[in-house]
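Written below as structure tokens is the structure these notes are about.
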Amino acid sequence: MKHLIPEFDAMRRRYPPGTESSLVLPCLRRIQEDRGFVADSDIAELAEYIPVPRIQIEEVLAHYTQYRRAPIGRWHLQVCRNLSCSMRGAEGALGHLCRKLGIEPGETTADGRFTLSTAECLGSCGTAPVVMVNDAYHENMSPARLDALLQELHK
Ligand code: FES
Numbered sequence: 002m003k004h005l006i007p008e009f010d011a012m013r014r015r016y017p018p019g020t021e022s023s024l025v026l027p028c029l030r031r032i033q034e035d036r037g038f039v040a041d042s043d044i045a046e047l048a049e050y051i052p053v054p055r056i057q058i059e060e061v062l063a064h065y066t067q068y069r070r071a072p073i074g075r076w077h078l079q080v081c082r083n084l085s086c087s088m089r090g091a092e093g094a095l096g097h098l099c100r101k102l103g104i105e106p107g108e109t110t111a112d113g114r115f116t117l118s119t120a121e122c123l124g125s126c127g128t129a130p131v132v133m134v135n136d137a138y139h140e141n142m143s144p145a146r147l148d149a150l151l152q153e154l155h156k
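According to the working numbering, the residues represented by the sequence shown are 2 to 156, in order.
So this is what it looks like as structure tokens:
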């Protein structure tokens, strides 16, 4: 994490004195972009840098599902399971992906290519069911569209 300190310093200059604890979210985001997940050592170093109690960073990590505590696959597929998506076939989409990838939600394929997760509302209810792949939305996902997506990701 230490090589990110110059970036964190630049962010810090935009925060009024006394509000440094607000840096936790953007710093964690940048750490995750850099490493792919937030390691224990990152938490310790960030708690020292800001400074905030370590538990405050742990709470943020526990609350926001977009932060990861362990490495995941090259492609992170998140299937929304909230109401609109459920009503439009999210369970079927999830089952389809489980069968195709041979994994359950929370698992990564043996080749490290795919991690499958479920998610709460992804904020695109009008185009349900929705699957996120890394930072990209894939909407109105039918089994055929999921197959085409997987084929694309295998390239
Ligand atoms: S319920 Fe799935 S995007 Fe809102």
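Glycine residues also receive a C-beta, built at the ideal position from the N, C-alpha and C atoms. Treat the numbers as computed from the prediction; the structure is a model and nothing was measured.
Among R70, S23, A63 and A145, which one has its Cα closest to the Cα of E34? That would be R70, whose Cα lies nearest to the Cα of E34.
Can you tell which of A45, A129, G127 and G96 has the C-alpha that lies nearest to the C-alpha of R118? The sequence shown places Ser at residue 118, rather than the Arg named in the question. Of the candidates A45, A129, G127 and G96, G96 places its Cα closest to the Cα of S118.
The alpha helix (DSSP H) enclosing D50, as first and last residue numbers: The sequence given here has Tyr at residue 50, not Asp. Looking at the DSSP string, the run of the alpha helix (DSSP H) that includes Y50 is D41 to Y50.
If you compare alpha carbons, which of A111, S42 and C99 is closest to I73? The residue with the shortest Cα to Cα distance from I73 is A111.
For M133 and L123, which I take to be in contact (beta-carbon distance under 8 angstroms), what is that distance rounded to the nearest angstrom? In this structure M133 is in contact with L123, their Cβ atoms being roughly 6 angstroms apart against a cut-off of 8 angstroms.
Which class does S125 belong to by DSSP, given the choice of helix, strand or coil? Annotated three-state conformation of S125 is coil, per DSSP.
Leaving aside the five residues before and after A120 along the sequence, list all residues of the same chain whose C-beta is less than 6 angstroms from its C-beta, in chain order. Closer than 6 angstroms at the Cβ level, and outside the excluded window around A120, lie Q79 and C81.
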